[in-house]
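Heads up: the structure comes next, in structure tokens.
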Amino acid sequence: MGFLAIAGFFLLVEHGAHLFGALPYLLIGAFFALHLGMHAGHRHGGHRHDKTQPPPSNPAPPADDDRPPGGHHH
Numbered sequence: 001m002g003f004l005a006i007a008g009f010f011l012l013v014e015h016g017a018h019l020f021g022a023l024p025y026l027l028i029g030a031f032f033a034l035h036l037g038m039h040a041g042h043r044h045g046g047h048r049h050d051k052t053q054p055p056p057s058n059p060a061p062p063a064d065d066d067r068p069p070g071g072h073h074h
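Just so you know, full-length UniProt numbering puts 7 at position 7 of the sequence shown, and the rest follows in order with no gaps.
Structure, rendered in structure tokens:
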């Protein structure tokens, strides 16, 4: 266990410049992945895992007056 801690320390110290150079790309990738994850939570329909249940009824979309200002629109 101690060997892994020491190896990890020297890996970070010796290659830290490479890690910090890749940091902007890692952040952009993380933001993109989180954005896709947020869209997956919208449940736009069409994808069901349980095929035995009938599809849920789709209520009418809210009118523009019913939406809060600054809400998420598609």
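No residue lacks a Cβ here, since even glycine has one placed at the ideal position from N, Cα and C.
Own chain residues within Cβ distance below 7 Å of residue i, not counting five before or after
i, result
"I28", "none"
"F3", "none"
Same chain, Cβ closer than 8 Å to residue i, neighbours up to 5 away in sequence not counted
i, result
"L19", "L12"
Residue i to residue j span [Cα, whole Å]
i, j, result
"L34", "A40", "10 Å"
"F31", "I6", "32 Å"
"F10", "G21", "17 Å"
Contact with chain C by residue i, beta-carbon distance below 8 Å
i, result
"P24", "In the displayed structure, chain C is absent; only one protein chain is listed."
Residue i - containing alpha helix (DSSP H), residue span
i, result
"M38", "2–40"
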